[in-house]
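Comments concern the structure below.
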């Protein structure tokens, strides 16, 4: 039997990526794709790379018999949608916004949202009713730091510089996503105050109850469409060989997170659900480079990975995607 999946907020970037993945998932029947502004229109009119792949039409509401519903709504809108649209207790919810990621927000009505980072919470995800999908920057940064927290080795301040593609800002138009502004340009935003810091801190505290120091995070807007490249460094008493062995052991059973002996770059992961990490020791500093696709491992691919875990499937099902290197 196939998993019947529905999507709410079907016109955005994350929904488009989710549709592409689920159309080719052998155990999924893609049902209602809800878009209030596009109801009645063919899905491929909005996601025009899907011309010839699907005849699905946007709906005004869900069918009501879904096994899992993905919420691809703007931040703050998932909670409002659930307040107005009661779902059966048997329907799993995977939310891609930040509405339920923090522990203080994890309980909503009769649902409890488990933080959906498989490399951290795989066992809890497999038993969950509802999932709060992690943020894109948060995914890249957490995967760079979890092994150190697990070993109790986060004892000093952590500095992070990370750059993201323009799709990270969503489809809504603003000055900083226009081509003429973004191309040949780089800028910072929300330095030291980014909203993903909260979920990063809570995850690290699960593994190391009192991490030392602070996390100083400077996010950058990049002049490319997709991907996150994060440089994370902190003082460490580990040697390079010890650190690499620690990381490889921690991620030995994580099918999408790989520790590379060579330096990594964005094109290795764009269009995939991979996170590639590179670990090196430079003087007293341990430098971890982390690269992901913000729309796949940072959003829709990780959501499907979580769905696979919820329904007892191998977590790689439907996610053996190919990068575009050239």
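In UniProt numbering, the protein residues as written are 1 to 326.
The C-beta atom is built at its ideal place from N, Cα and C for all residues, glycine as well.
Since the structure is predicted, the reported quantities are computational estimates derived from the model, not experimental observations.
Cα separation between residue 7 and residue 72? 7 angstroms
Between residue 47 and the rest of its own chain, which residues show a CB-CB distance below 7 angstroms, the 5 nearest in sequence each way excluded? 16, 19
By the DSSP assignment, the beta strand (DSSP E) with residue 328 in it spans what residues? Residue 328 lies beyond the stretch modelled for the chain, which goes from 1 to 326, so this question has no answer here.
Opposite residue 95 in the DSSP bridges: which residues? 71, 132
Since residue 4 and residue 65 should fall inside the 8 angstroms C-beta cutoff, what is the C-beta to C-beta distance between them, to a whole number of angstroms? Sure, about 6 angstroms apart at Cβ, within 8 angstroms.
With DSSP collapsed to three states, give me the class of residue 250. Helix.
Give me the Cα-Cα distance between residue 270 and residue 62, rounded to the nearest whole angstrom. If you draw a straight line from the Cα of residue 270 to the Cα of residue 62, it is about 31 angstroms long.
Taking 8 angstroms as the limit between beta carbons, can you name the residues of its chain near residue 100, skipping five residues before and five after? 78, 79, 106, 108, 113, 130, 132
Could you please give the first and the last residue of the uninterrupted beta strand (DSSP E) stretch that includes residue 84? Run containing residue 84: none in the beta strand (DSSP E); it sits in the alpha helix (DSSP H), 77-84.
DSSP three-state assignment for residue 22, whether helix, strand or coil: In the structure shown, residue 22 sits in a helix (DSSP, three-state: H, G or I).
Residue 268, DSSP secondary structure in three states: In this structure, DSSP gives residue 268 a helical state, which the three-state scheme calls helix.
Segment limits, beta strand (DSSP E) that includes residue 151: It is not in any beta strand (DSSP E) - residue 151 carries neither H nor E in the DSSP assignment.
Report all residues from its chain with a CB closer than 7 angstroms to the CB of residue 144; omit the five preceding and five following residues, and keep chain order. 230, 232, 277, 288, 290
Neighbour-count burial assignment, residue 146, 16 or more Cβ in a 10 Å radius: buried
For residue 188, which residues from the same chain have a beta carbon less than 8 angstroms from its beta carbon, with the 5 sequence-adjacent residues on both sides left out? 218, 219, 220, 221
So residue 165 packs on residue 213, CB below 8 angstroms; how close in whole Å? Their Cβ separation, rounded to whole angstroms, is 29 angstroms, which puts residue 165 and residue 213 out of contact at 8 angstroms.
Roughly how many whole angstroms lie between the Cα atoms of residue 157 and residue 215? 6 angstroms
Going straight from the alpha carbon of residue 52 to that of residue 33, what length do you get? 17 angstroms
Residue ranges of each beta strand (DSSP E) within the stretch 207-260, 3 or longer: The qualifying runs are 215-221, 228-235, 257-260.
What first and last residue would you give for the alpha helix (DSSP H) that runs through residue 310? Run containing residue 310: 301-310, per the alpha helix (DSSP H) assignment.
Run through the DSSP bridge pairs and tell me what residue 290 is partnered with. The partner list for residue 290 (beta bridge, DSSP) reads 230, 277.
Would residue 244 and residue 259 qualify as a contact pair, given that the criterion is a beta-carbon distance under 8 angstroms? Yes; because the gap between Cβ atoms is below 8 angstroms, this pair is in contact.
Here's a check: name, in chain order, each residue in its chain whose Cβ is nearer than 7 angstroms to the Cβ of residue 151, leaving out the five neighbours to either side. 246
Between the Cα of residue 159 and those of 281, 286, 182, spot the shortest distance and give me the residue it belongs to. 286
Between the alpha carbons of residue 268 and residue 13, how many angstroms are there, rounded? 21 angstroms
Could you name the residues of the same chain whose beta carbon sits closer than 7 angstroms to that of residue 254, not counting the 5 residues immediately before and after it, in chain order? Cβ neighbours of residue 254 beyond the five flanking positions: 119.
From residue 321 to residue 300, what does the alpha carbon distance come to, in whole angstroms? Distance between residue 321 and residue 300, taken at the CA atoms: about 13 angstroms.
Please tell me whether residue 69 and residue 57 are closer than 8 angstroms, where the distance is taken between their beta carbons. Judged by their CB atoms, residue 69 and residue 57 are not nearer to each other than the 8 angstroms cut-off.
Going along the chain, which residues of its own chain have a beta-carbon closer than 7 angstroms to the beta-carbon of residue 204, five neighbours each way excluded? 145, 149, 154, 211
Sorted by chain position, which residues of the same chain lie with C-beta nearer than 7 angstroms to residue 103's C-beta, five sequence neighbours on each side aside? 202
Mark residue 325 as exposed unless 16 or more other C-beta atoms lie within 10 angstroms of its C-beta, in which case mark it buried. exposed
Range covered by the alpha helix (DSSP H) that runs through residue 111: Here residue 111 belongs to no alpha helix (DSSP H); instead the beta strand (DSSP E) covers 111-115.
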